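Sequential numbering of the sequence shown, starting at 30, is according to the numbering used here. Cβ coordinates follow ideal geometry from the N, Cα and C atoms, glycine included. Since this is a predicted model, take the numbers as computed values, not measurements.
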Amino acid sequence: MDTVLTLTVLIVIFALAFDFINGFHDTANAIATSVSTRALTPRQAIILAATMNLLGALTFTGVAKTITKDIVDPFTLENGSIVILAALTAAIVWNLLTWYYGIPSSSSHALIGSIAGAAVSAAGFDILNYKGFLKILESLIISPFLALAVGFVMMTLFRSLFKNANLSRTTKGFRMFQVVTAALQAYTHGTNDAQKAMGIITMALIAANYHTSTDIPEWVRLSAAIAMGLGTSVGGWKIIKTVGGKIMKIRPVNGAAADLSSALIIFTATTFHLPVSTTHVISSAIMGVGAAQRVKGVKWGVAQRIVLTWIITLPVSALIAGFVYQVFKLFI
30 MDTVLTLTVL
40 IVIFALAFDF
50 INGFHDTANA
60 IATSVSTRAL
70 TPRQAIILAA
80 TMNLLGALTF
90 TGVAKTITKD
100 IVDPFTLENG
110 SIVILAALTA
120 AIVWNLLTWY
130 YGIPSSSSHA
140 LIGSIAGAAV
150 SAAGFDILNY
160 KGFLKILESL
170 IISPFLALAV
180 GFVMMTLFRS
190 LFKNANLSRT
200 TKGFRMFQVV
210 TAALQAYTHG
220 TNDAQKAMGI
230 ITMALIAANY
240 HTSTDIPEWV
250 RLSAAIAMGL
260 GTSVGGWKII
270 KTVGGKIMKI
280 RPVNGAAADL
290 SSALIIFTAT
300 TFHLPVSTTH
310 VISSAIMGVG
320 AAQRVKGVKW
330 GVAQRIVLTW
340 IITLPVSALI
350 AGFVYQVFKL
360 FI
């Protein structure tokens with residue numbers, strides 16, 4: 030087996046491993062609120078999330094194409110296979126570290142930062158497609174603020190509509206409604222996050238001259254969707270604990286408002302082929318919902334830690350990827 034083919038096979042394995050890890054790392058995003066309010070048992074929530082993640086991953090390809098072509102041009106990337114392998118390695122390392130410490134960091138930030146860092150390490154800053162890269166950065170930066178605002182508005186609307194409703198009936202109704210919103214949340218997560226692995230596999234196939242367009246092969250779509258679904262089935266209990274309870278005390282009405290708000294933002298981004306951090310969108314929506322109810326009810330210390338991780342993930346993963354590329358280059 031020649032070196033290029035070996036590297037390509039390794040990249041496919043690593044990309045699917047990244048998707049698998051993304052599944053259990055970000056499972057909490059889709060199901061944390063429904064588990065914390067007991068709308069669903071952990072087992073029910075994970076089965077629901079895995080199924081809907083799989084369906085969502087099979088539905089769209091626009092974000093995958095953005096990852097394939099908008100950070101760097103895979104058709105002109107020298108040592109492209111080594112660059113992509115280094116990027117995946119760095120993203121996986123960062124994801125596992127943040128998962129271990131229960132920090133809801135962004136798999137999207139990690140992957141995008143790692144691709145950019147490894148590419149720059151290989152060919153300098155001129156290799157970046159600045160127009161596409163800045164568009165991706167804008168979507169990553171703006172989406173959490175939009176989620177915060179939409180969460181605030183959604184919760185304010187719910188409070189206004191149900192202010193005279195019977196509290197016990199409202200709680201029961203929203204707990205049942207959360208099954209629907211959790212499913213929607215998981216579906217939108219699949220439409221955006223699973224495509225990132227599809228994009229990087231396609232990018233590797235192009236760099237190795239095994240594929241001649243940015244269209245996503247069917248086997249890539251299916252394998253990435255299955256990897257995401259299987260990863261989701263494993264669950265990420267440490268992050269569920271952070272997202273589902275440490276940001277604020279969540280009741281069914283809060284959970285439903287947060288789920289709807291974040292699903293709206295994620296699906297809108299998917300429609301425009303933009304990768305976003307589902308982790309930070311969902312965390313921000315929860316903060317917005319909490320602020321609409323009572324600003325002091327949000328545990329801003331935890332929120333501050335999440336924001337700090339959001340800020341450092343992209344540059345740190347880029348640095349790790351740049352270092353890993355130089356190490357790989359010595360031995361490959």
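Spanning the alpha carbons of THR32 and LEU114 requires a straight line of approximately 13 Å. Judged by DSSP in its simplified three-state form, LEU34 adopts helix. Around the beta carbon of VAL41, a 10 Å sphere encloses 16 or more other beta carbons of the protein chains shown; the residue is thus reported as buried.
A straight-line Cα-Cα distance of about 53 Å links ARG323 and LYS358. Of the residues assessed, GLN333 falls on the exposed side of the cut-off, its CB having fewer than 16 other CB atoms within 10 angstroms. Our two residues, ILE75 and ALA215, have alpha carbons roughly 10 Å apart in a direct line.
Counting other Cβ atoms within 10 Å of its Cβ, THR118 reaches 16 or more and is therefore classed as buried. By the C-beta density criterion, ASN195 is exposed, having fewer than 16 other C-beta atoms within 10 angstroms. At least 9 Å separates the beta-carbon of THR127 from that of ASN221. The residue among THR90, THR66, GLY351, ALA44 with its C-alpha nearest the C-alpha of THR217 is THR90. The C-beta distance from SER312 to ALA211 rounds to 16 Å, too long to fall under 8 Å, and the pair is not in contact. Here the alpha carbon of LEU343 sits roughly 7 Å from the alpha carbon of ILE141. The C-beta separation of VAL112 from ALA145 comes to about 10 Å, leaving the pair out of contact by the 8 Å criterion.
Beta-bridge annotation (DSSP): VAL101 is paired with LEU157. Counting only residues of its own chain and dropping the five nearest sequence neighbours on each side, VAL263 has a CB closer than 6 Å to the CB of PHE53.
The residues THR217, THR220, in chain order, have a CB closer than 7 Å to that of PHE296 in the same chain once the five nearest residues on each side in sequence are set aside. Close CB contacts of PRO246 within its chain, under the 8 Å cut and outside five residues either way in sequence, are with THR231, LEU234, HIS240 (chain order). Taking the CA atoms as reference points, ASP244 sits about 13 Å from PRO103.
ALA253 is not a Cβ neighbour of LEU39, given a cutoff of 9 Å.
DSSP places SER313 in the uninterrupted alpha helix (DSSP H) bounded by 307-322.
Between ALA68 and ARG204, the C-beta gap is smaller than 9 Å, which places the two residues in contact. The distance from the Cβ of LEU169 to that of VAL305 is about 6 Å, consistent with a contact at the 8 Å cut-off. Using a Cβ distance threshold of 9 Å, SER346 and ALA93 do not count as a contacting pair. Here ASN108 has ALA151 as same chain residues with Cβ atoms under 6 Å from its own Cβ, once five neighbours each way along the sequence are excluded. Less than 9 Å separates the beta-carbon of ILE349 from that of VAL122.
Cβ-Cβ distances below 6 Å link LEU87 to ALA254 in the same chain, with the five nearest sequence neighbours on each side left out; the list follows chain order.
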